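Below: one structure, written as structure tokens.
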């Protein structure tokens, strides 16, 4: 079975859950059990990352599950299944996490992370929430400086609910995602 077929199986399962009235998020284990996809978790996470980038599903961290992720179909995903027009894309670079970003692209990401840092420092957040958000930004900054940055991991850090709730940074996070996606599509 191809990766696109696997993506479609995941999307159809999430569609059916919602159509049946189940509005809860589900786990990778639940997806595996109900779709018959007995592939590695890393493979399924790469496929769901692509579905999320396309706006067809939404994920959130599940801290009670040792950092696992939870999944649910979005309204756009639901409509795409309903209409039969499901735009699926599979980015094999996401499986390895290796993208070649130019030094300019990396410097733009560093600049944007600096802007996010300012938003966090000036936002009216609790001390703990500020420290957690700044730690995520610092981690992303350090990972970018590695010889072969793992962009999917960096993007997972930046999609953290800790950062998602800070007013004003959603557009900046989207800018980073667009830079990484542009680099991935030029591979």
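In our numbering, the protein residues as written are -5 to 181.
All C-beta atoms, glycine included, are put in the ideal place defined by N, C-alpha and C.
Bear in mind the structure is a predicted one, so any value in this text is a computation, not a measurement.
- According to DSSP, residue 170 shares a beta bridge with no other residue.
- Put simply, of 47, 132, 136, 120 the residue whose alpha carbon is nearest the alpha carbon of residue 168 is 47.
- Taken atom to atom, the span from the alpha-carbon of residue 75 to that of residue 7 is near 11 Å.
- Residue 134 places its beta carbon less than 8 Å from that of residue 148.
- Residue state for residue 163 is assigned as coil, using DSSP reduced to three classes.
- Taking residue 146 as reference, the option from 36, 19, 18 with the minimal CA-CA separation is 36.
- Closest in C-alpha terms to residue 116, from the list 163, 66, 52, 33, comes 163.
- DSSP, read as helix, strand or coil, puts residue 107 in helix.
- With a contact defined as Cβ atoms closer than 8 Å, residue 156 and residue 121 miss out at about 13 Å.
- The DSSP assignment places complete alpha helix (DSSP H) segments of no fewer than 4 residues inside the segment 127 to 152 at 145 to 152, in order along the chain.
- Judged by their CB atoms, residue 67 and residue 50 are nearer to each other than the 8 Å cut-off.
- As the crow flies, the alpha-carbon of residue 124 is around 19 Å from that of residue 165.
- Taking C-beta atoms under 8 Å as the contact rule, residue 65 and residue 29 fail to qualify, at a distance of about 12 Å.
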